[in-house]
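A.B. asks: Protein chains in written order, with my numbering: chain U, 45 to 174; chain A, 636 to 916. Think of the CB as a built atom: it goes at the ideal place given N, C-alpha and C, for glycine as much as any other residue. Because the structure is a prediction, the values reported are computed rather than measured. First the structure, which I've put down as C-alpha cells, then a few questions once you've had a look.
This is the structure in C-alpha cells:
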C-alpha cells in the first residue's frame, strides 16, 4: 500500500467518524441547561427514581459510604474509543470535541445531594501542545 | 521459620494430649485420682501472622533522590511519606510502623495524618542490607504515598508543583503506588516523561470530593468527571491499584500533560458535603 493511498484512507476514516456523536442516558442532557437542572435536581428532595425517569440511567460509581454518582455525557464528533486505534487516533485525538457533562451525587438514602453541569472541549492535550 | 516450627510442635503436643485425654481409659490412667475432678484445660490458638504491608528502605531513598532532582517544582517543600487505609478506614486507629533491619525492629512514629519523614540514620548501606519499613497491617491494607508540602497550604488546597513533585518522586522512582508496569511506562520513565501522563499518579484528598478545579489567578478550569473517582477506567483490574476501595471517593487525577498550568497553580477541592452552589451571576 503506497503512502498516498494510506493517507487517503485515513482522511476518509477521520471524516466518517467526525460526523458522529455519543451520549449516555436518554438524550435529554443535550438540551438541559442550568435553570432547568435546578428545577429537576433539588438537593434533599429529588430521588434516584425521579432522576431515572427524567434523564434515564447514567453511569454509576458506588462508594464504600453508600453514596454514589450518576454521570451523563453528550459528546459531539468522534467517539473517544477511536483515539486508541493506531494511526486513526493520531488524527481523532486532536479534533475538537465539545462535551456536555452532568454528574449527580446521591447519598446513601438515594436522594440527590449535589449535581454539576458543565461543558468543555474534550480534545486530548499531548505533551508539547500549546 | 523458627517461631513457626516451635509453635507447630507445641500445638501438636497439646493436640495429642487432648486427644489422649478424650479416650476414657487413658483419661482414667492420667487422672491423679478417680474421684478427683479433672482440671479443665483451655487451649488458645491464634493464626501465625501473614505477610505485613511494607516497603523497602531502598524504595524510599529512591523517592528522596527523585525529590531532590526535581526539587525546583516546589523549592520550599519538604518530603514525607504518608500511609492511607486502602480497605478499611478503621485500620488507621491500629496502624503502627517499624524499621526492620534483620532481627532489629525500631518503631517509627507517625503524625496525626499517618506521615513520617526519612531519618538521617537511614543510610544507603542500611538499604543495601535489605532494611524495610513494615506496618502491622496485612499486605495490601495500606496505600503508601509520597507527601510533598509547601508551607502554609490549608487542607482544601494543594499546590500543583507539590503534586507534580510527588509524582516525580513516586511513580517509577520510589515506585510506591500500586499500578500496572507496562513496557511503554518503562520507556516514558527512562525519558523522564512519565509524569506528563494524566493517569500517572492517583492522589487522595482529605475528604470525599465532588469536584476539583485548577486556579491560577483569574484562570480557572473545573476538571471533567473523568479525573475523579477512577470514573474513566474499567474496574476489571481495580485490585491492581490503590484507589478502588476505601479511598475511591477521595481519589483524583490531574491533567499532568497540560504544562500550561504553572507550578504555583492552586488545586481546589469541592467536598461532597459542601452545599450545592447557587446560580452563576
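Going by DSSP, which residues form a beta bridge with residue 70(U)?
C.D. replies: For residue 70(U), which the question treats as bridged, DSSP gives no partner whatsoever.
A.B. asks: Taking DSSP's pairing of strands, which residues face residue 901(A) in a bridge?
C.D. replies: Residue 901(A) pairs with 794(A), 850(A).
A.B. asks: On the CB-based measure, 16 or more other CB atoms within 10 Å of its CB, does residue 837(A) come out buried or exposed?
C.D. replies: Classification of residue 837(A): buried, given that the 10 Å Cβ count is 16 or more.
A.B. asks: Counting only C-beta atoms, is residue 92(U) closer than 7 Å to chain A at any point?
C.D. replies: It does not; no Cβ of chain A falls within 7 Å.
A.B. asks: Closest Cβ-Cβ distance between residue 860(A) and chain U: below 7 Å?
C.D. replies: With 7 Å as the cut-off, residue 860(A) counts as an interface residue toward chain U.
A.B. asks: Please list the partners that residue 114(U) has in chain A, where partner means a Cβ-to-Cβ separation under 8 Å.
C.D. replies: Per Cβ cutoff of 8 Å: no residues; residue 114(U) is ~11 Å from chain A at best.
A.B. asks: Quick one: Cα of residue 667(A) to Cα of residue 677(A), how far?
C.D. replies: Bear in mind that the predicted position of residue 667(A) carries a pLDDT of just 46, short of 50, making it unreliable; the figure below should be weighed with that in mind. About 19 Å.
A.B. asks: So residue 720(A) and residue 727(A) are in contact, right, with Cβ under 8 Å, and what is the actual spacing, rounded?
C.D. replies: That pair is a contact at about 5 Å.
A.B. asks: List the DSSP bridge partners of residue 103(U).
C.D. replies: In the DSSP output, where bridge partners are listed per residue, residue 103(U) has 115(U).
A.B. asks: Using a beta-carbon distance below 7 Å, is residue 898(A) in contact with chain U?
C.D. replies: Not one chain U Cβ lies under 7 Å of residue 898(A).
A.B. asks: Can you name the start and end residues of the beta strand (DSSP E) that residue 699(A) belongs to?
C.D. replies: No beta strand (DSSP E) holds residue 699(A); the alpha helix (DSSP H) holding it covers 692–704.
A.B. asks: Hey, residue 149(U) and residue 161(U): beta-carbon distance below 7 Å or not?
C.D. replies: Not closer than 7 Å, so no.
A.B. asks: Please return the same chain residues whose Cβ sits closer than 7 Å to the Cβ of residue 722(A), not counting the five positions on each side in sequence.
C.D. replies: Answer for residue 722(A): 776, 880, 881, listed in chain order.
A.B. asks: Taking the Cβ atom as the reference point for each residue, do residue 898(A) and residue 795(A) lie within a distance shorter than 7 Å?
C.D. replies: A contact, by the Cβ cut-off of 7 Å.
A.B. asks: At 8 Å on the CB atoms, spell out the chain A contacts of residue 126(U), in chain order.
C.D. replies: In chain order: nothing, as chain A lies at least about 16 Å away.
A.B. asks: Under a Cβ-count criterion, where at least 16 other Cβ atoms within 10 Å of its own Cβ denotes burial, should residue 74(U) be classed as buried or exposed?
C.D. replies: Result: exposed.
A.B. asks: Taking only beta-carbon atoms, is residue 864(A) less than 7 Å away from chain U?
C.D. replies: Yes, contact with chain U.
A.B. asks: Strictly under 7 Å for the Cβ-Cβ distance: is residue 145(U) near chain A by that measure?
C.D. replies: Yes - at least one Cβ of chain A is within 7 Å of the one on residue 145(U).
A.B. asks: Using a Cβ distance threshold of 8 Å, determine whether the stretch 765–782 of chain A contacts the stretch 689–703 of chain A, with at least three qualifying pairs required.
C.D. replies: Segments in contact, yes.
A.B. asks: Drop a sphere of 10 angstroms on the beta-carbon of residue 843(A), count the other beta-carbons inside from all chains shown, and report buried for 16 or more, exposed for fewer.
C.D. replies: With 16 or more Cβ atoms within 10 Å of its Cβ, residue 843(A) is classed as buried.
A.B. asks: Taking the alpha carbon of residue 985(A) as the reference point, which residue from 752(A), 762(A), 773(A), 711(A) has its own alpha carbon closest?
C.D. replies: Outside the displayed range of chain A (636 to 916) lies residue 985(A), so it cannot be described from this structure.
A.B. asks: Taking the beta strand (DSSP E) that residue 89(U) falls in, what are its first and last residues?
C.D. replies: That residue, residue 89(U), is in no beta strand (DSSP E); it is neither H nor E in DSSP.
A.B. asks: I'd like to confirm the pairing. Which residues does DSSP put opposite residue 757(A) in its beta bridges?
C.D. replies: BP columns for residue 757(A) are empty, so no partner.
A.B. asks: Within its chain, find whatever has a CB closer than 8 Å to the CB of residue 62(U); leave out the 5 residues flanking it on each side and keep chain order.
C.D. replies: Reliability of the predicted coordinates at residue 62(U) is poor, the pLDDT of 48 falling under 50, and the value obtained from them is presented with this limitation in mind. Excluding sequence neighbours, residue 62(U) sits near 121, 122, 136, 139.
A.B. asks: What are the partner residues of residue 781(A), as DSSP defines its beta bridges?
C.D. replies: 716(A).
A.B. asks: If you follow the alpha helix (DSSP H) that residue 134(U) is part of, which residue opens it and which one closes it?
C.D. replies: Its alpha helix (DSSP H) spans residues 132–136.
A.B. asks: With a threshold of 7 Å between beta-carbons, can residue 725(A) be considered close to chain U, or not?
C.D. replies: Residue 725(A) does not count as touching chain U.
A.B. asks: May I ask you to list, following chain order, the residues of the stretch 66–89 of chain U that have a beta carbon less than 8 Å from some beta carbon of chain A?
C.D. replies: Against chain A - using a Cβ distance shorter than 8 Å - the residues of the stretch 66–89 of chain U are 78, 79, 82, 87.
A.B. asks: Taking 6 Å as the cut-off, does the CB of residue 163(U) come closer than this to any heavy atom belonging to the ligand ADP?
C.D. replies: Looking for the ligand ADP in the displayed structure turns up nothing, as the structure carries no ligands at all.
A.B. asks: I'd like the span of the beta strand (DSSP E) that includes residue 834(A), first residue to last.
C.D. replies: From DSSP, residue 834(A) is part of no beta strand (DSSP E); its letter is neither H nor E.
A.B. asks: Ends of the beta strand (DSSP E) at residue 109(U)?
C.D. replies: No beta strand (DSSP E) holds residue 109(U); DSSP gives it neither H nor E.
A.B. asks: Using three-state DSSP, classify residue 841(A) as helix, strand or coil.
C.D. replies: The answer is coil: DSSP assigns residue 841(A) none of H, G, I, E or B.
A.B. asks: Under 6 Å Cβ to Cβ from residue 791(A), same chain only, skipping five residues before and after it: list those, please.
C.D. replies: Excluding sequence neighbours, residue 791(A) sits near 904.
A.B. asks: Give a yes or no on contact between the stretch 126–133 of chain U and the stretch 103–117 of chain U, applying the rule of three or more CB pairs nearer than 8 Å.
C.D. replies: Segments in contact, no.
A.B. asks: Using a Cβ cut-off of 8 Å, which residues of the stretch 870–882 of chain A contact any Cβ in chain U, in chain order?
C.D. replies: Flagged, chain order: 880, 881.
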